[in-house]
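Protein chains in written order, with this note's numbering: chain U, 375 to 739; chain Y, 70 to 477. Structure first, then comments.
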Amino acid sequence: MFCALIGILAPVNAQNTYTITKKGICDALGQNIYDKKQRQSVYAEMFAPYTADNKPAKWSKRSKYYPNKEHSFSEDIAVLTYSYKRAKNDVVIANAYYNLQTKQLLHVFYSTSLSTYTLDPYSCSRAIVNMNDAQSALSYSIVLNEQGDSIGRFSYKGVYPPSYGYMAAKGDNGKWGLVDVNMQQVLPFNYIDIHTAISGDGHFLGVREENNKWRLMSIDSLKPIIAEAFDEVLLYRKNDFVVVKNADKYALYNTTTKQMSGYYDVFRYNSRVSADSLMHGGCAFVVGHIQRRDTAFGMVNAFGEEMIPAVLKSETQAYRALNHYKNLPLQHFDDTELKRLILYVTKRERVYKLTTIIPETDWDY
Amino acid sequence: MKRILTYILFLSLCTSLLAQRRTISEVDYRRSSIYSLLIYHAEQDFGKNIADVFVDMPISDKYNDHDLSVKVIQTNSTLPSNEKGEQFLKNNHIAARLVGRWFNRDPQTGVCDMSLIAQRGLYDASEFKRQLAAQTVRGNAMLEDAGEELIHNTFVLVNDIVYIDQAPKAQAAGTAMSVFGALLGGVLGATVGGDVGNAVNSTTQVAASMVNTIKGFNVKVNTHLYRLKWDEETAQTFYETMYTDTADVEKVKTFNQQHDMFQLEYIGSQLSSGKNISFMGVNLDTPDQMVRKACTRAIDENIANLARNFEVFKTKVRLVSADPIKAPIGLKENISDKSRFEVLQQVEKDGRTTYKQVAVIKPVAGQIWDNRFMAGEENAANADIQYTTFTKVSGGHIDVGMLIRELK
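Structure (structure tokens):
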């Protein structure tokens with residue numbers, strides 16, 4: 375039961391494929407690399423500052439209120455959240471990074487009721503720890519390296535996890551800039567906000583300037599890649615396109631081909647369409663025009679090309695076309711194919727009587 | 070000079086030989102194709118909800134989607150549902166339409182192509198064109214292979230879904246929902262404005278009326294399985310007299326006059342267990358989610374049982390890892406630690422595909438993926454693991470990319 379709960383609370387990290395089982399943590403080969411004995415040893419080490427030498431802290435069954443769990447597996451490093459009850463109403467909670475391969479505790483943070491630490495998973499060999507101390511009103515965020523040493527300090531939640539080797543960070547002036555994983559400044563602290571995770575290959579990012587407009591910038595040249603600025607940019611990590619918004623209308627900008635689609639009132643992204651399919655012309659976006667009486671929906675692909683014109687009557691029909699299209703050979707529709715697809719998405723909703731011979735005009739084949 | 074010429078000749082020969090061999094993607098493999106229909110009972114409670122949900126239910130990723138534009142047929146008939154289904158299939162020439170879909174046939178001009186077959190069968194489309202020019206199937210390995218592996222593995226599922234009324238058991242729960250909804254509506258109405266309160270009330274009342282039954286809400290699905298008949302004679306007639314890659318009035322006429330030669334054969338039926346489906350993970354603001362969960366699980370259960378009971382409908386799944394042995398298959402396919410699977414090596418010879426058993430494996434207890442619909446939302450154990458881990462029972466070397474198929 376306990377282990378099942380652990381299984382639920384600490385899902386496997388798909389990247390490193392560690393599994394929590396009844397016997398401990400297993401790696402992708404099914405080898406137990408963190409068994410009960412090791413857990414006890416790590417637990418005792420973590421709470422050594424709070425116990426006497428001859429009486430190490432003993433791992434006990436997790437209570438309802440005080441956690442004992444391993445979670446957030448990333449880059450072979452787990453976050454351990456353990457608690458130790460020293461006395462009645464006196465519980466110490468410790469969060470630590472533990473390297474499952476080298477079997478080392480990297481850094482331990484002790485929380486009290488007034489000061490808490492939240493540990494982000496490792497990414498690009500860096501981890502961010504946010505510390506919030508209500509008593510002293512001292513809050514900050516630090517960046518740890520792979521050895522667990524602190525290499526940078528910023529205001530509370532003033533640094534984002536690394537993305538393609540860069541981290542958006544807030545300077546003392548309250549503005550955002552960009553640093554690399556070695557804390558070297560790449561962009562000055564001049565921006566209201568920065569999004570690093572915009573492009574699939576990490577070569578560009580979005581910056582929000584003083585006038586509140588967003589601009590897309592190349593990391594390589596630190597120059598804008600398109601002259602236009604936007605009210606909003608929407609992020610798609612895996613793919614080289616960005617959805618932008620201006621005056622309540624949406625468009626798609628493909629950063630590889632530099633193509634911009636038309637502007638639409640409605641823009642939806644279907645994350646179930648694979649990145650490969652997208653980059654070969656597959657559709658992922660339902661777009662629509664909202665008019666006084668009718669709305670009309672269609673589809674565009676990752677290059678901003680209108681694959682299906684806005685002729686479908688509802689968003690549901692457009693999603694239906696999207697789901698059907700991703701199973702078809704990737705192609706531009708000719709008139710016959712378009713007619714067939716429209717039949718397919720519209721006629722599906724109809725209910726036909728069993729005894730009816732359905733007219734040929736209602737069949738797509 | 071002579072040496073260079075010899076080398077060039079040798080290279081050309083190798084290239085030519087390689088071009089004749091088909092390459093099988095490491096990732097993709099040939100699947101059976103399904104057209105899924107609903108028999109709709111308008112007079113039943115939640116009949117409309119069931120129909121709405123069914124129309125947008127995707128075909129399982131273990132099969133190709135071979136749906137046609139018609140999905141829902143309504144009946145007031147008292148005939149058994151497989152007879153109802155057969156009537157419909159025959160009257161509307163479904164078999165001929167499924168064949169038309171395989172060849173992307175334009176009903177007006179009769180123009181066909183092999184693109185879908187090439188795509189699903191992982192064939193070389195241009196090679197097909199050359200072979201079709203010979204206009205004979207007999208002795209034509211690629212066309213025969215496409216017929217046996219793909220077209221003959223086209224199935225129709227006719228799903229007769231009925232909702233099971235267990236209202237008396239759920240009455241208390243339903244009443245509690247109504248009261249809670251009224252209270253919540255009242256609170257929100259006071260804080261935000263009457264409209265919001267009323268909206269909450271109304272949604273909760275709909276949900277409550279479902280909960281009145283949903284707490285015991287259950288569907289029973291009777292799934293009838295049919296298979297498209299595609300033999301040498303059918304294939305020969307089609308390729309000779311109906312297939313054309315340019316507009317041909319005569320071939321259109323022949324197809325329309327002879328479409329009864331395409332037939333579906335009844336394989337069998339499966340009734341779902343009618344297990345209660347829990348509310349967990351369901352957003353009660355959208356009661357259709359509960360209907361979708363119940364219907365999807367019941368249909369998946371039937372498909373899994375049909376695959377277990379009828380050899381022709383069994384699916385093959387590709388191993389994604391050989392050490393440990395892993396495959397993207399799980400509870401949705403009704404597997405348990407007692408299931409046994411044969412590991413198959415795909416062998417191609419002279420354009421024909423055969424499968425050779427190389428090992429037998431079984432799932433490891435506690436490492437079976439829960440891939441049932443909405444298992445993640447239910448926080449089911451093993452919903453996140455993405456694959457089931459297996460262990461070898463007997464046999465030889467297993468490689469990633471080999472196919473597995475359940476043994477009865």
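C-beta atoms are modelled at their ideal positions from N, C-alpha and C, and glycine is treated no differently. In this text the structure is predicted, and so the values were computed from the model without any measurement.
Going along chain Y in order, which residues have a C-beta closer than 8 Å to the C-beta of residue i?
{"i": "Gly404/U", "result": "Pro393 and Thr458"}
{"i": "Arg642/U", "result": "What Arg642/U touches in chain Y: nothing, since even the nearest Cβ is about 15 Å away."}
Would you mind telling me which residues of chain U sit closer than 8 Å to residue i, beta carbon to beta carbon, in chain order?
{"i": "Ile142/Y", "result": "Val725, Tyr726, Lys727 and Leu728"}
{"i": "Ala120/Y", "result": "Val725"}
{"i": "Gly169/Y", "result": "Tyr739"}
{"i": "Arg100/Y", "result": "Under the 8 Å cutoff, chain U gives no residues; its nearest Cβ is about 11 Å from Arg100/Y."}
{"i": "Arg166/Y", "result": "Trp737 and Tyr739"}
{"i": "Lys153/Y", "result": "Leu728"}
Any idea which residues DSSP pairs residue i with across the strands?
{"i": "Trp550/U", "result": "Lys544/U and Tyr565/U"}
{"i": "Ile430/Y", "result": "Phe410/Y and Lys461/Y"}
{"i": "Glu755/U", "result": "There is no way to answer for residue 755/U, as the model of chain U reaches only from 375 to 739."}
{"i": "Glu44/Y", "result": "Absent from the structure is residue 44/Y, since the part of chain Y shown begins at 70 and ends at 477."}
{"i": "His481/U", "result": "Tyr471/U"}
{"i": "Lys418/Y", "result": "Arg421/Y"}
{"i": "Val469/Y", "result": "The partner list for Val469/Y (beta bridge, DSSP) is empty, contrary to what the question assumes."}
{"i": "Met673/U", "result": "Val660/U and Ile682/U"}
{"i": "Phe604/U", "result": "Trp588/U"}
{"i": "Trp438/Y", "result": "Gly399/Y"}
{"i": "Val466/U", "result": "Tyr458/U"}
{"i": "Thr690/U", "result": "Partner(s): none; Thr690/U has no beta bridge."}
{"i": "Gln305/Y", "result": "DSSP output for Gln305/Y lists no bridge partner at all."}
Would you mind telling me which residues of chain Y sit closer than 7 Å to residue i, beta carbon to beta carbon, in chain order?
{"i": "Thr710/U", "result": "Asp175"}
{"i": "Ile731/U", "result": "Asn160 and Asn161"}
{"i": "Lys721/U", "result": "Ser138 and Val139"}
{"i": "Asn697/U", "result": "Pro127"}
{"i": "Arg694/U", "result": "Asp125"}
Along chain U, which residues have their Cβ under 7 Å away from the Cβ of residue i?
{"i": "Gln156/Y", "result": "Leu728"}
{"i": "Tyr109/Y", "result": "Val725"}
{"i": "Val124/Y", "result": "Arg722 and Glu723"}
Taking the Cβ atom as the reference point for each residue, do residue i and residue j lie within a distance shorter than 7 Å?
{"i": "Val429/Y", "j": "Gly464/Y", "result": "yes"}
{"i": "Asn287/Y", "j": "Gln339/Y", "result": "no"}
{"i": "Met557/U", "j": "Gly526/U", "result": "yes"}
{"i": "Ile599/U", "j": "Phe615/U", "result": "no"}
{"i": "Asp175/Y", "j": "Thr710/U", "result": "yes"}
{"i": "Ser537/U", "j": "Pro495/U", "result": "no"}
{"i": "Ser489/U", "j": "Asp464/U", "result": "no"}
{"i": "Thr455/U", "j": "Asn473/U", "result": "no"}
{"i": "Leu333/Y", "j": "Tyr295/Y", "result": "yes"}
{"i": "Ile473/Y", "j": "Ala391/Y", "result": "no"}
{"i": "Glu689/U", "j": "Phe671/U", "result": "yes"}
{"i": "Ile230/Y", "j": "Val290/Y", "result": "yes"}
{"i": "Arg409/Y", "j": "Lys425/Y", "result": "no"}
{"i": "Thr355/Y", "j": "Leu297/Y", "result": "no"}
{"i": "Phe331/Y", "j": "Ala164/Y", "result": "yes"}
{"i": "Arg99/Y", "j": "Glu218/Y", "result": "yes"}
{"i": "Thr313/Y", "j": "Lys320/Y", "result": "yes"}
Run down chain Y in chain order and give the residues with a C-beta less than 9 Å from the C-beta of residue i.
{"i": "Tyr718/U", "result": "Asp136, Leu137 and Ser138"}
{"i": "Asp736/U", "result": "Ser138 and Val139"}
Quick one: complete beta strand (DSSP E) runs, 3+ long, within the segment 322-385 of chain Y?
333-340
Kindly confirm or deny that the segment 102-120 of chain Y and the segment 128-148 of chain Y touch, where touching means at least three C-beta pairs closer than 8 Å.
yes
If you scan the segment 92-176 of chain Y from start to end, which runs of the alpha helix (DSSP H) of 4 or more residues do you find wholly inside it?
116-124, 150-160 and 163-171
Are the segment 316-332 of chain Y and the segment 401-413 of chain Y touching by the rule of at least three beta carbon pairs closer than 8 Å?
no
Check whether the segment 174-183 of chain Y and the segment 376-392 of chain Y are in contact - that is, three or more C-beta pairs closer than 8 Å.
no
The segment 471-483 of chain U touching the segment 528-543 of chain U, judged by at least three CB pairs closer than 8 Å
no
Are at least three pairs of beta-carbons, each pair with one atom in the segment 441-452 of chain Y and one in the segment 361-379 of chain Y, less than 8 Å apart?
yes
Answer yes if the segment 118-129 of chain Y comes into contact with the segment 168-177 of chain Y, meaning at least three C-beta pairs across the two stretches below 8 Å, and no otherwise.
no
At which residue ranges does the segment 390-436 of chain U contain complete beta strand (DSSP E) runs of 3 or more residues, listed in the order of the chain?
393-395, 398-400 and 406-409
Jot down the residue ranges of each uninterrupted beta strand (DSSP E) in the segment 478-522 of chain U, minimum 3 residues, whole runs only, in chain order.
478-485, 489-493, 501-507 and 512-518
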